[in-house]
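Just below is one structure, and these are the notes that go with it.
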Amino acid sequence: MIYRHLTGYIEQRLTQIPAVALIGPRQVGKTTLTKYIQSVSEKESVYLDLESEADLNRLRDAESYLLARRDKLVILDEVQRMPELFPILRSVIDRHRIAGRFLLLGSASPELMTSSAETLAGRVAYVEINPFVYEEVKSVCDWKQLWLRGGYPDALLQNDDPTSFTHRLDLLRTYIERDLPLLGLSAASPARTRNLLRMLAHVHGNTVNYSDLSKSLGSHINMVKNIVGYFENSYIIRLLQPWYLNVSKRLVKSPKVFIRDSGIFHVLSGIENEEELEGFHKKGSSWEGFVLQQIIPLLKPSLEYYFYRTQDGTELDLVLVKGDRPVLGVEVKYSNAPAVNRGNTIAAEDLGGIPLLIVTPGAQEDYDLKPGQSVTSITRLFQHPLLKPWLS
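Count the sequence shown with numbering that gives the first Met the number 0 and you get residues 0 to 391, in order.
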């Protein structure tokens, strides 16, 4: 198993709270990670897959079954398939409230799975599991392979690019035709859903204009917003919100949209190998989304993240914020000899004179463009002194 950076944190939370829920897209490695935790745990455990008829049958009288296993770690995989279980979990936990009773695995956000955020309030910790990031796989592949294929384990580790591409196509088909309807998206046809996802890939790295998407899709704007919400809450896209607190300038207030996984973005864009990626007209946007997805999953829980842009062109790709205080700006450049424009400099000044970290594919060494503006590469990014203090 490739070690996931959240493993220790999950094990710690299981000693502190009755239930821990691992949430993230299907095939991202939640089950593999869970079975590893199960194998090293001193506590006896039982594993139930809620896609298995045999395991579902064991939960016909769920309350009695779970109460009888009060001193075991009960693992419930694909828990979004049984939302009626959450009130029962609350009751069972409250009758014997100790840490580490349940490990839940779900392929959607708590809001999509159920009202569990309210049902299990104070009883559950949610931990988001992302596709592999570079720091986790740098010993088994280079960043170019990760960028092209994305971080879904089975897609990343295939023997060749065509097989990886086919695997990601199958993953998308399953997501659109099976997973989204199971999560409640029944109003939109698979064809419409697929077309909208391709439209979002076309505007990857840009602000969302729901009116334009609605006209292009030929659907009511509310339906478009609803489908986009499902994409976001099932971890296929990221809507990066703008930062605008206490700034007097007129700012862009629409979120930027990114297909979270670069490999999925490349499938939607028809990019199958490194040669096609090198000639891709949206290569810069792809690189930006890839770098952001490497950073965001590693941030400390106390950090929030935004982009910053004003109407006059002042912008930063990523702003890390602690409380209400910006602490670091990140600018992503697909050039090993990057130049920081005046808008980037003004943005850093607008945000309180924060330091600016410029991320390139392969700058040969770290250096400063000027005081407060440092250049690094993707391979050294996570050890850089400007970013490292904010990583978990």
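The beta carbon of each residue, even a glycine, is placed where N, CA and C say it ideally should be.
What three-state label does DSSP hand residue i in the structure shown?
{"i": "residue 294", "result": "helix"}
{"i": "residue 277", "result": "helix"}
{"i": "residue 236", "result": "strand"}
{"i": "residue 67", "result": "coil"}
{"i": "residue 8", "result": "helix"}
{"i": "residue 446", "result": "The question about residue 446 has no answer here: the residues shown for the chain are numbered 0 through 391."}
{"i": "residue 174", "result": "helix"}
{"i": "residue 377", "result": "coil"}
{"i": "residue 124", "result": "strand"}
{"i": "residue 20", "result": "strand"}
{"i": "residue 394", "result": "No statement about residue 394 is possible, as the shown extent of the chain runs from 0 to 391 and does not include it."}
{"i": "residue 386", "result": "coil"}
{"i": "residue 83", "result": "coil"}
{"i": "residue 27", "result": "coil"}
{"i": "residue 271", "result": "coil"}
{"i": "residue 134", "result": "helix"}
{"i": "residue 147", "result": "helix"}
Beta carbon of residue i, beta carbon of residue j: below 9 angstroms?
{"i": "residue 316", "j": "residue 291", "result": "yes"}
{"i": "residue 318", "j": "residue 389", "result": "no"}
{"i": "residue 13", "j": "residue 36", "result": "yes"}
{"i": "residue 84", "j": "residue 72", "result": "no"}
{"i": "residue 147", "j": "residue 261", "result": "yes"}
{"i": "residue 349", "j": "residue 378", "result": "no"}
{"i": "residue 106", "j": "residue 77", "result": "yes"}
{"i": "residue 266", "j": "residue 167", "result": "yes"}
{"i": "residue 235", "j": "residue 24", "result": "yes"}
{"i": "residue 149", "j": "residue 279", "result": "no"}
{"i": "residue 287", "j": "residue 243", "result": "no"}
{"i": "residue 289", "j": "residue 240", "result": "no"}
{"i": "residue 195", "j": "residue 171", "result": "no"}
Count the other CB atoms within 10 Å of the CB of residue i; is the residue buried (16 or more) or exposed (fewer)?
{"i": "residue 223", "result": "buried"}
{"i": "residue 252", "result": "exposed"}
{"i": "residue 33", "result": "buried"}
{"i": "residue 110", "result": "exposed"}
{"i": "residue 112", "result": "buried"}
{"i": "residue 210", "result": "exposed"}
{"i": "residue 20", "result": "buried"}
{"i": "residue 387", "result": "exposed"}
{"i": "residue 18", "result": "buried"}
{"i": "residue 181", "result": "exposed"}
{"i": "residue 268", "result": "buried"}
{"i": "residue 363", "result": "exposed"}
{"i": "residue 296", "result": "buried"}
{"i": "residue 95", "result": "exposed"}
{"i": "residue 369", "result": "exposed"}
{"i": "residue 188", "result": "exposed"}
{"i": "residue 135", "result": "buried"}
{"i": "residue 51", "result": "exposed"}
{"i": "residue 138", "result": "exposed"}
Taking the straight line between their C-alpha atoms, what separation do you get for residue i and residue j?
{"i": "residue 353", "j": "residue 283", "result": "24 angstroms"}
{"i": "residue 218", "j": "residue 257", "result": "22 angstroms"}
{"i": "residue 9", "j": "residue 313", "result": "39 angstroms"}
{"i": "residue 130", "j": "residue 140", "result": "14 angstroms"}
{"i": "residue 232", "j": "residue 303", "result": "18 angstroms"}
{"i": "residue 404", "j": "residue 70", "result": "The structure shown does not extend to residue 404, since the chain is modelled only from 0 to 391, so the question has no answer here."}
{"i": "residue 343", "j": "residue 329", "result": "10 angstroms"}
{"i": "residue 123", "j": "residue 101", "result": "9 angstroms"}
{"i": "residue 142", "j": "residue 68", "result": "44 angstroms"}
{"i": "residue 385", "j": "residue 5", "result": "22 angstroms"}
{"i": "residue 212", "j": "residue 56", "result": "44 angstroms"}
{"i": "residue 11", "j": "residue 155", "result": "29 angstroms"}
{"i": "residue 383", "j": "residue 375", "result": "8 angstroms"}
{"i": "residue 300", "j": "residue 322", "result": "11 angstroms"}
{"i": "residue 367", "j": "residue 380", "result": "14 angstroms"}
{"i": "residue 145", "j": "residue 93", "result": "44 angstroms"}
{"i": "residue 97", "j": "residue 16", "result": "7 angstroms"}
{"i": "residue 205", "j": "residue 227", "result": "15 angstroms"}
{"i": "residue 1", "j": "residue 163", "result": "18 angstroms"}
{"i": "residue 215", "j": "residue 207", "result": "13 angstroms"}
{"i": "residue 190", "j": "residue 173", "result": "13 angstroms"}
{"i": "residue 161", "j": "residue 39", "result": "36 angstroms"}
{"i": "residue 126", "j": "residue 361", "result": "32 angstroms"}
{"i": "residue 175", "j": "residue 341", "result": "42 angstroms"}
{"i": "residue 357", "j": "residue 86", "result": "47 angstroms"}
Per the DSSP calculation, residue i is bridged to which residue(s)?
{"i": "residue 312", "result": "Bridge partners of residue 312: none, in fact."}
{"i": "residue 463", "result": "Nothing can be reported for residue 463, as the shown portion of the chain is limited to 0 through 391."}
{"i": "residue 372", "result": "355, 369"}
{"i": "residue 48", "result": "76"}
{"i": "residue 321", "result": "302, 324"}
{"i": "residue 241", "result": "306"}
{"i": "residue 331", "result": "358"}
{"i": "residue 250", "result": "309"}
Any beta carbon of chain C sitting closer than 9 angstroms to that of residue i?
{"i": "residue 292", "result": "Judged by its chain identifiers, the structure shown contains no chain C, having just a single protein chain."}
Quick one: is the Cβ of residue i within less than 8 angstroms of any heavy atom of the ligand ATP?
{"i": "residue 10", "result": "Within the structure as shown, the ligand ATP is missing, as the structure has no ligands at all."}
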